[in-house]
Amino acid sequence: MRLLSVRVQNFKLLTDVSVQFSTNSAKPLTVIRAENGSGKTSMLYALSWGFYGQDGLPDEARNSRLVATTCAAGEPVEISVTVDFEHTDSEGVRTRYRLIRTAIETPAEGDDFHRVAQPARLLRIEPGKGEKYVDESLINRFLPRSLQSIFFTDGDRVEKFITSTTTSRQQTQVHGAIRALLSLDSLRVLSKDLEAISSNARKAAAKAEGEDVSSKLSAYERANAEVENTKAKIEALAEQLAVMTQQRDAWDEELQHLRGLGDLDRINSDLAAANRQYDRLQQQLTNARRSLRDVVSGAHFSWAMGSETFEAGLKALESLSDQGIIPGTSLYVLENRIELQQCICGETLDISDPEGLRRVEFMQKLLAEQKALSEASQRLTAIYHTTNHEVGRITAEIAEGKGFIESQHQALATLTSVHELMVATAARRDQLTEDRAKIDDERVRLLADRLKSVDQKIRAVDLEMPSLQTSLEAWQRQAEESDRAYRLAKDKASKGDQTAMRRDVADDLHALVSNTLGRLEGEYVTRVAERTSSLFLKIVGANPSEDGNVFVGVRIDPTTYDIVVDAEGGKTLNHAFEINGASQRALTLAFIWALMEVSGTEAPRIIDTPLGMVAGGVKTRLVEMITDSASEDRPDFQVVLFLTRSEIRDIEEILDRRVGAVTTMSCSKDYPADLRFDWGVVEPTIRACPCSHRESCRICARDYDRENGVVFHDRAEVTHAAV
Amino acid sequence: MARGQAVANVALQEALRLEERYPGYRMALGLALRDLLKLQDLGEPEAARRKRVEERINDLATKAMHAKSEE
């Protein structure tokens with residue numbers, strides 16, 4: 001099947017956009033160049049909607065509107081996708097078809113809408129005979145929906161196609177592709193049909209051929225039934241094992257995650273310690289605040305604030321002292337001397353002596369005068385002495401580095417440090433509380449119990465499987481022997497009539513289907529693996545015969561069809577964790593290309609943004625591989641790549657050689673930010689032009705084109721449809 | 001087309017290993033296999049599909065009987 005053209009109308013911003021596809025075998029590549037938000041994904045969805053209707057859309061888009069958000073509420077819009085394609089049948093006859101899918105969508109207020117889909121119409125177009133409607137279910141024969149992920153995909157899906165083969169979805173994709181493209185499932189169904197028909201035909205013939213043939217046929221059928229029965233048991237057991245293993249892995253992962261957070265006892269103990277530390281720090285904070293308060297209310301603070309005033313006061317006191325006003329101790333001395341009747345100078349103070357009396361009278365006069373001043377003097381004296389003592393202490397302490405500034409710094413540093421410790425402890429306490437909330441101890445116990453139980457069941461299945469295999473081999477031997485005996489008996493007794501011939505033809509056809517199935521399952525799956533390996537190693541630039549290669553080869557497990565990537569030293573690589581994104585894309589594309597090639601399938605491969613995350617040699621080799629023209633070993637095929645300008649960078653020369661058709665799509669919303677020309681439209685819309693990766697025009701020219709060597713053509717505004 | 005040439009090629013090669021009951025019989029078997037696979041693509045239900053298989057077997061058997069009687 002080859003796409004010829006598509007016309008999309010009113011699908012998202014694709015108001016009316018047409019694209020022509022390359023049908024040139026030598027240049028199988030069609031490029032749709034478009035920047036982000038310029039309709040690449042819409043075009044991909046429009047194509048898959050055209051072929052498969054609602055089912056063709058990704059889950060997230062199925063219940064969304066298909067028209068642009070700018071369409072007015074209450075006004076019905078006809079969405080239409082028309083695809084012209086041609087199909088070559090097994091006799092080599094090429095027929096042209098036109099597929100038309102339409103729907104009427106009426107936007108409502110908000111995000112609501114009402115959509116009425118019309119059945120798709122498929123027309124066969126025969127030259128000279130005109131157009132004729134044919135059964136639209138033929139589409140599924142030309143391009144089976146089960147293989148949509150191979151025919152219509154994007155870079156991200158390509159990357160995840162093979163990765164995580166432990167999940168059933170990816171397994172289904174890889175296995176489904178192998179089974180569908182090599183017709184394995186269809187052959188199995190046909191084999192089943194033939195088995196039933198052949199059995200009836202054998203019975204009918206045996207009836208006429210006698211008791212011996214009938215009994216030998218019965219013996220064969222019994223043995224064969226046991227073979228099928230045992231096979232079914234093995235398959236069921238294998239499936240059960242796969243489900244249990246998958247479940248065990250999921251539970252184990254969850255348990256590891258929970259245990260990674262820490263066990264509950266440890267978290268509780270850590271939390272208690274953190275709470276205790278927080279309480280201690282709270283006490284330290286109170287002490288630190290008290291220390292700071294003491295610092296700002298102590299003598300040093302006063303000295304720092306008023307040392308000049310203190311010094312002036314002290315000087316005044318010293319002056320008073322010098323004047324003898326303070327300390328005022330003469331009162332006591334005079335009284336003492338009068339009492340002793342002898343002056344300090346040695347003269348007598350005896351009042352019986354007139355001279356002594358005169359001196360005493362003088363001294364008593366002095367005493368009277370000084371007593372009047374004594375109260376204030378005592379106070380000043382006390383202040384003088386205290387101040388003198390304190391100033392001495394303070395200045396000594398300042399000299400020792402215990403002044404206000406130093407004390408204040410120390411108190412503030414302690415306060416800050418305690419505060420910071422408290423914040424950190426509080427954060428740790430919160431984290432531990434949060435971790436504790438996440439741990440559901442019950443869940444941990446439940447998971448541990450479940451793991452134990454499922455491991456026991458897995459072990460039981462592992463033990464049962466070998467005995468079933470042995471049993472199967474025994475029944476197969478018995479079936480072969482009884483079949484041989486039956487054949488000898490029926491050849492001997494054959495009547496050679498229509499009934500016998502019918503049986504022989506049914507047997508022939510059944511044998512043909514079985515043998516074909518066997519070869520495809522074995523030889524052809526191996527061929528797909530070998531080709532995948534060779535293409536993959538070529539893209540990633542690995543040479544298995546040299547040392548130091550990460551990749552050694554790719555295999556397909558013959559039983560499970562899992563894709564296995566081999567590394568050096570007999571190791572295998574985990575797709576999800578040990579293979580980078582670019583190599584994952586290379587592996588998927590190598591597999592799809594190999595499968596299409598080996599199965600001889602002619603079908604388009606449409607990939608949106610395939611080269612994100614891919615650069616350098618891998619990028620060029622990947623593009624070389626997926627755009628290589630058909631050859632004798634390689635059936636005709638089409639590749640449609642939706643590329644941004646940055647993806648095109650570095651592969652321009654490959655595109656020069658391989659592109660058979662090109663369309664550039666642009667969106668009016670990019671003016672004036674990126675687009676150079678205003679289209680003069682109000683509502684955002686997407687237009688197509690025929691510019692190649694080296695050209696631009698008034699529709700698609702962007703500000704940064706010139707620096708990338710893109711040549712501007714000032715041609716009249718054209719659309720691809722017009723071209 | 002989605003179904004590759006591989007199955008048709010293998011079927012025709014495998015048919016050559018069978019007894020040629022009349023000239024062109026093995027080729028007819030290979031073509032029958034290919035056509036019967038197409039029935040599945042068209043989504044024929046099981047009963048209808050088996051009926052078509054039986055019809056094809058009857059045709060081949062009749063042709064084989066006819067060829068035998070002419071010998």
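Taken in sequence, the protein lines are chains A and B.
Residues in the first sequence are numbered from 1 upward in steps of one, following our numbering.
Residues in the second sequence are numbered from 1 upward in steps of one, following our numbering.
Glycine included, each C-beta is placed from N, C-alpha and C at the ideal position.
Between residue i and chain B, is there a C-beta pair that is closer than 8 Å?
i, result
"A:I773", "The question about residue 773 of chain A has no answer, for chain A in this structure spans 1 to 723."
"A:S183", "yes"
"A:M520", "The sequence given here has Leu at residue 520 of chain A, not Met. For A:L520, the answer is yes, since a Cβ of chain B falls inside 8 Å of its Cβ."
"A:T516", "yes"
"A:E209", "no"
"A:T166", "Only weak support exists for where A:T166 lies, its pLDDT of 46 falling under 50; the value from the coordinates is given anyway. Judged by the 8 Å Cβ criterion, A:T166 is not in contact with chain B."
"A:Q170", "Residue placement at A:Q170 cannot be trusted, given a pLDDT of 48 that sits under 50; what the coordinates show is reported in the next sentence. No, no contact with chain B."
"A:G600", "yes"
"A:V505", "yes"
"A:V186", "Looking at the sequence provided, one finds Ser at residue 186 of chain A rather than Val. Yes, contact with chain B."
"A:A511", "yes"
Taking buried to mean at least 16 other C-beta atoms within 10 Å of its own C-beta, is residue i buried or exposed?
i, result
"A:V711", "exposed"
"A:I344", "exposed"
"A:T165", "At A:T165 the pLDDT is 45, less than 50, meaning the model places this residue with poor confidence; the figure from the coordinates comes in the next sentence. With 16 or more other Cβ atoms within 10 Å, it is buried."
"A:V423", "exposed"
"A:R706", "exposed"
"A:F577", "exposed"
"A:H114", "exposed"
"A:T627", "buried"
"A:S696", "buried"
"A:H720", "At A:H720 the pLDDT is 41, less than 50, meaning the model places this residue with poor confidence; the figure from the coordinates comes in the next sentence. Answer is buried; the Cβ neighbour count reaches 16."
Can you give me the start and stop residues for the alpha helix (DSSP H) that residue i sits inside?
i, result
"A:N574", "First-last for A:N574: undefined, no H or E at that position."
"B:A8", "5-15"
"A:D84", "Premise fails: A:D84 lies in the beta strand (DSSP E), 77-88, not in any alpha helix (DSSP H)."
"A:P684", "Looking at the DSSP string, A:P684 is not in any alpha helix (DSSP H), and its letter there is neither H nor E."
"A:G581", "581-599"
"A:D265", "264-297"
Taking 8 Å as the CB-CB cut-off, is residue i touching chain A?
i, result
"B:E14", "yes"
"B:A47", "no"
"B:G65", "The identity of residue 65 of chain B in the sequence shown is Met, whereas the question assumes Gly. Taking Cβ atoms only, chain A reaches closer than 8 Å to B:M65, which makes this a yes."
"B:E20", "no"
"B:E55", "no"
If you follow the beta strand (DSSP E) that residue i is part of, which residue opens it and which one closes it?
i, result
"A:N229", "Careful: A:N229 lies outside any beta strand (DSSP E), inside the alpha helix (DSSP H) at 211-260."
"A:R33", "29-34"
"A:Y133", "130-134"
"A:I563", "563-566"
Can you tell me the Cα-Cα spacing of residue i and residue j, whole angstroms?
i, j, result
"A:Y671", "A:I125", "41 Å"
"A:L349", "A:A368", "17 Å"
"A:L292", "A:E335", "51 Å"
"A:Q498", "A:L182", "34 Å"
"A:I178", "A:L184", "8 Å"
"A:V116", "A:T30", "33 Å"
"A:H409", "A:A399", "16 Å"
"B:A15", "A:A196", "21 Å"
"A:F637", "A:K438", "53 Å"
"A:L340", "A:L366", "17 Å"
"A:R7", "A:S198", "50 Å"
"A:S646", "A:D249", "40 Å"
"A:H713", "A:S545", "50 Å"
"A:A103", "A:E530", "45 Å"
"A:W56", "A:V17", "Correcting the residue identity first, residue 56 of chain A is Gly in this sequence and not Trp. Cα to Cα, the separation comes out at about 20 Å."
On a Cα-Cα basis, can you pick out the residue from the options that is closest to residue i?
i, options, result
"A:L187", "A:L517, A:R503, A:N10, A:Q638", "A:L517"
"A:A376", "A:M1, A:L320, A:Q342", "A:L320"
"A:L537", "A:G548, A:V554, A:R527", "A:V554"
"A:R503", "A:S137, A:E78, A:K452, A:E209", "A:E209"
"B:M65", "B:V53, B:Y25, B:L16", "B:Y25"
"A:D440", "A:D59, A:N10, A:H257", "A:H257"
"A:I79", "A:R585, A:K216, A:R141, A:R101", "A:R101"
"A:V134", "A:L99, A:E211, A:S214, A:T88", "A:L99"
"A:Y45", "A:D608, A:E652, A:M613, A:C689", "A:D608"
"A:T664", "A:S64, A:R359, A:I699", "A:I699"
"A:V639", "A:E652, A:V681, A:I592, A:P684", "A:I592"
"A:K207", "A:A489, A:P558, A:T395", "A:A489"
"A:R443", "A:S514, A:E254, A:D430, A:A396", "A:E254"
"B:R52", "A:A506, A:A673, A:A661, A:G298", "A:A506"
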